């Protein structure tokens, strides 16, 4: 792309140019990945090092009990990895009727599916890594042993969740060591995490699923009348999958197929293909209205049809049919907001990172506990904070996402990967609940329709559709745009959830030959993040 390198939006950050680069939402993690690249590791090694470090330094969004997804360009081929966890075998409708009056709780052990991220790290390293696994995890182990100073936005989100999660098993002991959330710059050590990481490093991750760590997880689950068993852990395996894709403006966006919501971004772009998006300026009410309505239509289908791919009644190919998307596009009224049928938007709690090396390997990686700290459960002696992805299951027995043992729930986390004519262009993502496909679409339109450079596309003001006509908008959104959206019937509201915001993006765009031209990278100023390279 021939980018305009000016940034018309307030920002304290500039694009970073390098032949080896890592961009994450927390600076220590980016530097951990960069350290591995400097030691001769490749982009996969760097991504794993960064992910393991983020599990410690940004515990408000992920941990050792997270799930993860990845898309990797290995230099000649695109790989997709789905390391989302499955439901315990004992879960079914009767289980939740008996214990929770038919609802799936948002917190506690009965919201926890099998954690997938440690298995995901292992699968990535075994297939595509270069350095010894112990070397890749060494930076994270050091932070687990010595601790770290809590960064500002991490602290803000920590404090926002402390009171709610304080009663959950193990949470206060591990994450409120002085009876409160740490202050900015205060030293914090996650108890037990170093020993767990050392066992993971020595076993290629298998300890988490069949060794000492597994036994500790199951003992804690059983002590709290939960369903997780050693068999649930031992039988779990991540899946290598073929990414699904959608063409847009001469490029192709790739996503992990369902059970994730990445298909929402593809549907929205497929709908927008039917419009001359660039007919008006990007920061114009008509332009943004078009994007909003396309996203609503995408979510309506995603919430109705997406779940574990083995249980879906329609295929991604059917949902992405050009004829069908053209039909959906015709439903958009350029002058009026509409409430397309859909479920309420899931909330988030996620970290996204990306890494690329001088040999051309590029990694798009996302890892999450969901809803901030996740379930709030922390297993004593391990430092493992557990996700609450089970809360994403449906209790409607006729829905493809209906809860059942061994199923993967609907997932919000989505790594993105952009290509052009079969060649890699950009590894990127925007973390944060249902903001993820919305953030990806908003950024891609700015880059591909309007030529805005990655950091500008990162910093530009965002909106977030919630449900019905409800829309959150950042303060930086131009008043003329906000007024034009209200005139079309959008209901602009203030955000009620103190944890959630407008997401956070990390972008790495390939400039040419990686060994010569390198990459340009951006890191979102909505987090403590950093794009770093050499």
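Numbering (UniProt numbering), first residue to last: 1 to 534. Where a beta carbon is used, it is the ideal one built from N, C-alpha and C, also for glycine. All of these numbers come straight from a predicted model, not from anything done at the bench.
Do you know whose CA, among the options, lies nearest residue i's CA?
i, options, result
"residue 354", "397, 504 and 489", "504"
"residue 110", "376, 468 and 152", "376"
"residue 428", "421, 441 and 434", "441"
"residue 14", "523, 533 and 436", "523"
"residue 535", "239, 211 and 244", "No answer is possible for residue 535: it lies beyond the span of the chain, which begins at 1 and ends at 534."
"residue 104", "313, 532, 390 and 421", "390"
"residue 169", "187, 147, 222 and 30", "222"
"residue 433", "374, 452 and 53", "374"
"residue 246", "236, 444, 161 and 306", "444"
Cα separation between residue i and residue j?
i, j, result
"residue 142", "residue 216", "23 Å"
"residue 193", "residue 402", "34 Å"
"residue 492", "residue 340", "17 Å"
"residue 266", "residue 431", "16 Å"
"residue 321", "residue 164", "44 Å"
"residue 497", "residue 466", "Bear in mind that the predicted position of residue 497 carries a pLDDT of just 46, short of 50, making it unreliable; the figure below should be weighed with that in mind. Residue 497 and residue 466: Cα-Cα distance of roughly 12 Å."
"residue 356", "residue 259", "26 Å"
"residue 187", "residue 178", "11 Å"
"residue 565", "residue 108", "The question about residue 565 has no answer here: the residues shown for the chain are numbered 1 through 534."
"residue 55", "residue 64", "6 Å"
"residue 112", "residue 205", "19 Å"
"residue 27", "residue 370", "21 Å"
"residue 86", "residue 240", "15 Å"
"residue 502", "residue 314", "31 Å"
"residue 399", "residue 470", "25 Å"
"residue 201", "residue 424", "31 Å"
"residue 296", "residue 479", "23 Å"
"residue 397", "residue 404", "9 Å"
"residue 220", "residue 66", "17 Å"
Which term fits residue i, buried or exposed, when burial requires 16 or more other beta carbons within 10 angstroms of its beta carbon?
i, result
"residue 242", "exposed"
"residue 196", "buried"
"residue 509", "buried"
"residue 393", "buried"
"residue 411", "buried"
"residue 173", "exposed"
"residue 62", "buried"
"residue 167", "exposed"
"residue 534", "exposed"
"residue 325", "buried"
"residue 529", "buried"
"residue 76", "exposed"
"residue 464", "buried"
"residue 384", "buried"
"residue 516", "exposed"
"residue 4", "exposed"
"residue 482", "buried"
"residue 331", "exposed"
Kindly indicate the opening and closing residues of the beta strand (DSSP E) around residue i.
i, result
"residue 206", "Residue 206 -> no beta strand (DSSP E), and no H or E assigned at all."
"residue 501", "Unbroken run through residue 501: none, as it is neither H nor E."
"residue 491", "491-493"
"residue 426", "423-431"
"residue 17", "16-18"
"residue 61", "Taken as a continuous stretch (DSSP letters only), residue 61 belongs to no beta strand (DSSP E), as it is neither H nor E."
"residue 410", "Taken as a continuous stretch (DSSP letters only), residue 410 belongs to no beta strand (DSSP E), as it is neither H nor E."
"residue 351", "350-356"
"residue 362", "362-368"
"residue 372", "Premise fails: residue 372 is in no beta strand (DSSP E) and is neither H nor E."
"residue 111", "Careful: residue 111 lies outside any beta strand (DSSP E) and carries neither H nor E."
"residue 239", "239-241"
"residue 229", "That residue, residue 229, is in no beta strand (DSSP E); it is neither H nor E in DSSP."
"residue 252", "251-255"
Would you kindly report the start and end of the unbroken alpha helix (DSSP H) that includes residue i?
i, result
"residue 100", "93-100"
"residue 1", "Unbroken run through residue 1: none, as it is neither H nor E."
"residue 305", "285-305"
"residue 143", "133-146"
"residue 216", "212-223"
"residue 464", "Here residue 464 belongs to no alpha helix (DSSP H); instead the beta strand (DSSP E) covers 463-465."
"residue 153", "152-165"
"residue 23", "Unbroken run through residue 23 is the beta strand (DSSP E), 21-24; no alpha helix (DSSP H)."
Is the beta carbon of residue i within less than 7 Å of some heavy atom of the ligand FMN?
i, result
"residue 363", "No copy of the ligand FMN appears in this structure; indeed no ligand is present at all."
*Would you call the region 268-276 and the region 356-367 touching, i.e. three or more CB-CB distances under 8 Å?*
As far as the Cβ criterion goes, the region 268-276 does not touch the region 356-367, which means the pair count is below three.
Problem - Segment contact, 8 Å Cβ cut-off, at least three pairs: the region 117-128 with the region 14-27 - result: Between the region 117-128 and the region 14-27, the count of Cβ pairs shorter than 8 Å is below three; the stretches do not touch.
Margin query: Under 8 Å, with one C-beta from each stretch per pair, do the region 73-87 and the region 150-159 reach the 3-pair mark?
Written below: Not touching, per the Cβ criterion.
Given 8 Å, three or more beta-carbon pairs between the region 231-241 and the region 36-49 = Short answer: they don't touch.
Original post:
Should the region 249-257 be regarded as contacting the region 442-450, the criterion being three or more beta carbon pairs within less than 8 Å?
Top reply: The region 249-257, when compared against the region 442-450, does touch it at the 8 Å Cβ threshold.
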